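First to last, the sequence lines map onto chains D and Y. Under our numbering, residues 48 to 133 are what the first sequence spells out, in order. Under our numbering, residues 48 to 133 are what the second sequence spells out, in order. The beta-carbon is built from N, C-alpha and C at its ideal position, and this holds for glycine as well. Treat the numbers as computed from the prediction; the structure is a model and nothing was measured. Working notes, beginning with the structure itself.
There are 2 protein chains.
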Amino acid sequence: METVTLIGILAGVCTTFAVIPQIIKSWRTKKVMDVSPIMFSVLILGVGLWVVYGILKNDIPIIVTNGLSVLLNLSMLVLMLLYKKK
Amino acid sequence: METVTLIGILAGVCTTFAVIPQIIKSWRTKKVMDVSPIMFSVLILGVGLWVVYGILKNDIPIIVTNGLSVLLNLSMLVLMLLYKKK
Numbered sequence: 048m049e050t051v052t053l054i055g056i057l058a059g060v061c062t063t064f065a066v067i068p069q070i071i072k073s074w075r076t077k078k079v080m081d082v083s084p085i086m087f088s089v090l091i092l093g094v095g096l097w098v099v100y101g102i103l104k105n106d107i108p109i110i111v112t113n114g115l116s117v118l119l120n121l122s123m124l125v126l127m128l129l130y131k132k133k
Numbered sequence: 048m049e050t051v052t053l054i055g056i057l058a059g060v061c062t063t064f065a066v067i068p069q070i071i072k073s074w075r076t077k078k079v080m081d082v083s084p085i086m087f088s089v090l091i092l093g094v095g096l097w098v099v100y101g102i103l104k105n106d107i108p109i110i111v112t113n114g115l116s117v118l119l120n121l122s123m124l125v126l127m128l129l130y131k132k133k
């Protein structure tokens, strides 16, 4: 595999899975007060648009990585709604 | 401009600037306890690798958007170090 392809895959893995430590932290502490729900809403909109872009361009890697990002960031947003102060 | 290009730009704007509401929130409240520093470290590593990828592929849009992401996410990480409980 070319070095540039390997770097691209590594970059994609990092940006796609970066939210997992945040999900684990929020899950454990049940506290989300300092986290911005707008950040995750805009992120979900953005990666959702990347999925649409991938579908229109017929680009499987873009669809798969961003589809995964939609699911992960959506999980975080659900946790935030679950744990936010009443 | 083609619709697909417009969707790509809109997607890029959302995913690049999503962190700004988080920066504003942390700046105002001076509280970052619930935010995961690992998330932002992995994100910075990821978008940094995308910059390297863009340089190797000679792809200006990838370099510019991810370069901006490095700066924004780095600002957030600096805020976290500044405001974390001693």
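- Relative to Cys61 of chain Y, the option among D:Ile107, D:Val117, D:Leu126 whose CA is nearest is D:Val117.
- Within the segment 92-115 of chain D, contact with chain Y at the beta-carbon level (separation under 9 Å) is assigned to Leu92, Gly93, Val94, Gly95, Leu96, Trp97, Val98, Val99, Tyr100, Leu103, Lys104, Asn113.
- By alpha-carbon distance to Ile91 of chain D, the top candidate from D:Gly114, D:Ser73, D:Leu128 is D:Gly114.
- Residue burial is scored here from C-beta neighbours: Met123 of chain Y has at least 16 other C-beta atoms within 10 angstroms and is therefore classed as buried.
- Contact annotation: Val51 of chain Y and Lys77 of chain D have beta-carbon atoms that are not nearer than 9 Å.
- The criterion of a C-beta distance shorter than 9 Å is not satisfied by Ser88 of chain D and Asp81 of chain Y.
- Taken through DSSP and simplified to helix, strand or coil, Val82 of chain D comes out as coil.
- Each of D:Met48, D:Ile110, D:Ile67, D:Pro84 was checked against the Cα of Leu128 of chain D, and the nearest Cα belongs to D:Pro84.
- Rounded to the nearest whole angstrom, the CA to CA distance from Gly59 of chain Y to Ile70 of chain Y is 18 Å.
- Contact annotation for Val125 of chain D against chain Y: no contact, minimum CB-CB distance about 16 Å [criterion: below 9 Å].
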